[in-house]
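Each remark here refers to the structure printed beneath this line.
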Amino acid sequence: MLTLNDRYPKVQAKMQEEVDRIVGRDRLPCAEDQPHLPYIVAFLYESMRFSSFVPVTIPHATTTNTFIMGYLIPKDTVIFVNQWSVNHDPAKWSNPEDFDPTRFLDENGFINKDLTSSVMIFSMGKRRCIGEELSKVQLFLFTSILVHQCHFTANPNEDPKMDYTYGLTIKPKPFTLNVTLRDTMDLLDKAVQRLQAEKTANENQPSANT
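All you need for the working numbering is the position in the sequence shown, starting with 1, plus 951.
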């Protein structure tokens, strides 16, 4: 997410414009803002599609002889789903090698849910990751708060080309970027203080056994 922010400054600026217009500068974004921030949501789906940071699923195996499009997949065959291929299929995605969050917005600027459901990053079917929805909420909060509070620019002394380490997941190679606060730390400090107060209150509650 961070590499895409500094590599595509116009996208970052558009997210900042949206979050400033909808949320304002007097509070931090929250989960309830998600339906009202479609461009940021589109950025998240395009980030998942474009990076395909889990390029293939963990291995599964067929429990019976199975036919897919006329091809026999024998019982006990180890199966991997190539999520990278699904997310970069030109039959489904126009210009799949371009990073373009607007592909997930309809003509009215709302999220195209039919298209977002085509992004494959959490596997599929009964073996789909049970943490998918929680992960998406966390990604939304992480991204919306960062662009609300910070501005990211690339390090001019580094090659702007994005290089990755490939394995079970795709990870960017070590890089640096410049991060500047858009305002003061007041909102972040208050959020941390509130979390610390809630933690202290929970720790001081009597247990059910006392």
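Where a beta carbon is used, it is the ideal one built from N, C-alpha and C, also for glycine. Just so we're clear, the structure is a prediction, and the values are computed from it rather than from any experiment.
C-beta atoms of residue i and residue j nearer than 7 Å
i     : j     : result
S1003 : Q1034 : yes
P960  : S1095 : no
C1101 : V1130 : yes
A964  : V1088 : no
Candidates the options, of which the one nearest residue i by Cα
i     : options                       : result
P1123 : P986, M1113 and P989          : M1113
P1006 : F1073, A982, D977 and T1014   : F1073
L1119 : V1032, V962 and E969          : V1032
I973  : K961, P986 and V962           : P986
A1042 : L1066, P1052, I1024 and R976  : L1066
E1099 : N1059, K1150, D957 and Q967   : Note that residue 1099 is His in the sequence shown, not Glu. The residue with the shortest Cα to Cα distance from H1099 is Q967.
T1028 : Q963, T1014 and E1083         : T1014
S1069 : D1040, D1110, R976 and G1060  : D1040
R1054 : Y996, A1148 and E1109         : Y996
E1048 : S1036, E1058 and E1083        : S1036
L1138 : L1097, N1106, N1059 and T1116 : L1097
I1009 : D984, D1051 and C1080         : C1080
S998  : M952, I1019 and D984          : M952
Residue i, buried or exposed, once every other Cβ within 10 Å from all chains shown has been counted against 16
i     : result
E969  : buried
Y990  : buried
D1000 : The sequence as given places Arg at residue 1000; Asp does not occur at that position. By the 10 Å Cβ count, R1000 comes out buried.
Y1022 : exposed
M1071 : buried
D957  : buried
F1091 : buried
Q1147 : exposed
T1017 : exposed
S1156 : Note on identity: in this sequence residue 1156 is Gln, with Ser being the wrong assignment. Q1156 comes out exposed.
S1045 : exposed
P1111 : exposed
T1135 : exposed
T1116 : exposed
L988  : buried
D1038 : A quick correction: the sequence has Asn, not Asp, at residue 1038. Burial call: buried.
Whole-number beta carbon distance between residue j and residue i, since they are thought to touch under 8 Å
i     : j     : result
L1056 : A993  : 5 Å
T1104 : L1128 : 7 Å
H1011 : I1024 : Their Cβ separation, rounded to whole angstroms, is 11 Å, which puts H1011 and I1024 out of contact at 8 Å.
T954  : F1126 : 7 Å
V962  : P1052 : 6 Å
Bridge partners - residue i, DSSP secondary structure assignment
i     : result
F1050 : The partner list for F1050 (beta bridge, DSSP) is empty, contrary to what the question assumes.
A1105 : L1128
L986  : The identity of residue 986 in the sequence shown is Pro, whereas the question assumes Leu. Note: P986 sits in no beta bridge, so no partner.
H1011 : I1030
L1056 : I1062
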